[in-house]
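Enquirer: For the sequence shown, the numbering used here begins at 1 and goes up steadily by one.
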Amino acid sequence: MEKRAFRLPGFLALLLVLVLAAVAVVIGVAVPSPATVAVAIVLGVVVVLGVTGFVVVNPNDAQVVQFFGRYVGSVRDAGFFWTWPLTTRRRITLRVRNFETQKLKVSDADGNPVEIGAVVVWRVVDSANAAFGVDDYVRYVAVQAEAAVRHMATTYPYEAHERGATSLRDATVVSEQLTAELAERFALAGVEVLESRVTHLAYAPEIAQAMLARQQAAAIVAARYKIVEGAVGMVSGALEKLSEQHVVELDEERKAQMVSNLLVVLCGDRAVSPVVNAGTLY
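If you want it as structure tokens, here you go:
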């Protein structure tokens with residue numbers, strides 16, 4: 001877990017180091033004696049050690065401080081500081097980053113090969129975990145993002161065959177599930193997922209034509225169903241109006257013939273040439 005490292009304002013520490021350096025020079029030169037020389041040497045060593053404690057932190061950066069291999073804290077505030085001498089510092093950026101996966105070829109829940117790609121928006125929120133929790137947090141994010149996208153693609157079908165079922169085409173649900181899985185995977189590296197979106201989704205080229213024909217057939221069947229449903233309502237309404245207004249009295253056989261003719265006209269995909277009967281109704 002990240003903790004705050006001990007630090008002092010850098011310019012104040014720099015002033016103290018310069019004062020100690022000046023005192024060491026004055027003592028060693030103005031009063032040359034074994035005792036003053038020893039004091040000057042000690043002050044010189046202190047000055048040299050003090051110089052190693054200065055650190056500069058850029059905006060949206062963190063410096064992870066280690067003292068002989070031991071983690072002693074992180075400096076997250078931007079500016080010039082002084083921390084423990086003889087420490088090593090590792091820069092960890094806290095900026096928001098984007099990672100876009102390649103077009104991954106996987107099998108969906110129905111076993112159909114699909115191509116899928118996603119973009120992940122992330123940032124480091126725990127510099128200690130990012131530095132010590134994984135070997136390379138940037139590489140870790142890339143590998144785990146692709147693994148999460150592959151897992152999600154195998155969990156859902158490309159298209160939902162039942163009403164209310166979730167598919168890969170449901171962008172909102174899929175994004176929420178992907179974000180939740182990525183957050184769980186990235187927690188070890190101290191990384192927060194801000195957003196994740198599927199940017200590419202398509203059937204693999206070898207089955208794309210067959211699936212396109214299937215989609216077209218499904219669309220045609222749905223359209224025909226709507227046409228027939230509307231035509232039945234129109235015919236039913238026409239018969240009711242004729243009966244209510246006593247325009248003409250039709251027996252069951254003539255009603256059946258009328259229904260057949262109207263359905264042919266309304267449901268046909270080509271223009272119909274009507275034949276006008278100039279004689280009697282029967």
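Here a beta-carbon is modelled for each residue, glycine too, at the ideal position from N, C-alpha and C. The structure displayed is predicted, hence computed values, not measured ones.
Assuming contact is defined by CB atoms lying nearer than 8 Å, are Arg91 and Gln66 in contact in what I supplied?
Expert: No, these two residues do not count as a Cβ contact at 8 Å.
Enquirer: Return the residue from the list Ser127, Ala35, Phe54 and Val143 that minimises the CA-CA distance to Leu15.
Expert: Comparing Cα positions, the closest option is Phe54.
Enquirer: From this set, Val232, Leu43 and Gln245, which residue's C-alpha is nearest Ala256's C-alpha?
Expert: Minimum Cα distance to Ala256 is reached at Val232.
Enquirer: Find out if the Cβ-Cβ distance for the pair Val114, Tyr203 is shorter than 8 Å.
Expert: Against a cut-off of 8 Å, the Cβ pair of Tyr203 and Val114 comes out as a contact.
Enquirer: Kindly give me the distance between the Cβ atoms of Ala147 and Val198, rounded to whole angstroms, as I take these residues to be in contact under 8 Å.
Expert: Rounded, the Cβ-Cβ distance is 15 Å, inconsistent with contact.
Enquirer: Out of curiosity, what's the CA-to-CA distance linking Ile41 and Ala24?
Expert: Rounded to whole angstroms, Ile41 to Ala24 spans 7 Å at the Cα level.
Enquirer: Looking at the unbroken beta strand (DSSP E) that takes in Pro113, where does it start and where does it end?
Expert: Looking at the DSSP string, the run of the beta strand (DSSP E) that includes Pro113 is Pro113 to Val124.
Enquirer: Report the partner residues of Val198 according to the DSSP bridge assignment.
Expert: In the DSSP output, where bridge partners are listed per residue, Val198 has Ala118.
Enquirer: Between which two residues does the beta strand (DSSP E) carrying Leu18 extend?
Expert: Not the beta strand (DSSP E): Leu18 falls in the alpha helix (DSSP H), residues Gly10 to Ala30.
Enquirer: What residue range is occupied by the uninterrupted beta strand (DSSP E) comprising Phe80?
Expert: Note, Phe80: beta strand (DSSP E), Gly79 to Trp82.
Enquirer: Mapping DSSP to helix, strand and coil, what is Phe67?
Expert: Phe67 falls in the strand class under three-state DSSP.
Enquirer: Counting only the same chain and skipping the five closest in sequence on each side, list residues whose C-beta sits under 6 Å from that of Ser127.
Expert: Around Ser127: Glu2, Ala62, Val64, Ser74 and Ile92.
Enquirer: Check the C-beta distance from Phe81 over to Pro157 and give it rounded, since I have them as a contact under 8 Å.
Expert: 55 Å between Cβ atoms; not a contact.
Enquirer: Helix, strand or coil, according to DSSP, for Lys105 in the structure here?
Expert: Strand at Lys105.
Enquirer: For Glu181, count the other beta carbons within 10 Å of its own beta carbon; 16 or more makes it buried, fewer makes it exposed. Which is it?
Expert: That one is buried.
Enquirer: With DSSP run on the structure shown, which of helix, strand or coil describes Val259?
Expert: Three-state DSSP puts Val259 in a helix.
Enquirer: Okay, do the segment 26-38 and the segment 158-177 touch, 3+ Cβ pairs below 8 Å being the bar?
Expert: Flag = no, the segment 26-38 and the segment 158-177 do not touch.
Enquirer: Mapping the DSSP letters down to three states, classify Tyr156 as helix, strand or coil.
Expert: Correct three-state label for Tyr156: coil.
Enquirer: Spatial neighbours of Val17 within its chain, please: C-beta separation below 6 Å, excluding the five flanking residues on both sides.
Expert: Hits under 6 Å: Val47 and Gly50.
Enquirer: Where do the ends of the beta strand (DSSP E) carrying Phe132 lie?
Expert: Looking at the DSSP string, Phe132 is not in any beta strand (DSSP E); the run it does join, the alpha helix (DSSP H), is Ser127 to Phe132.
Enquirer: For Gly303 and Ala5, what's the separation of their Cα atoms in angstroms?
Expert: Since the first and last residues shown for the chain are 1 and 282, residue 303 lies out of range.
Enquirer: Can you tell me whether Ala38 is helix, strand or coil according to DSSP?
Expert: Helix, per DSSP.
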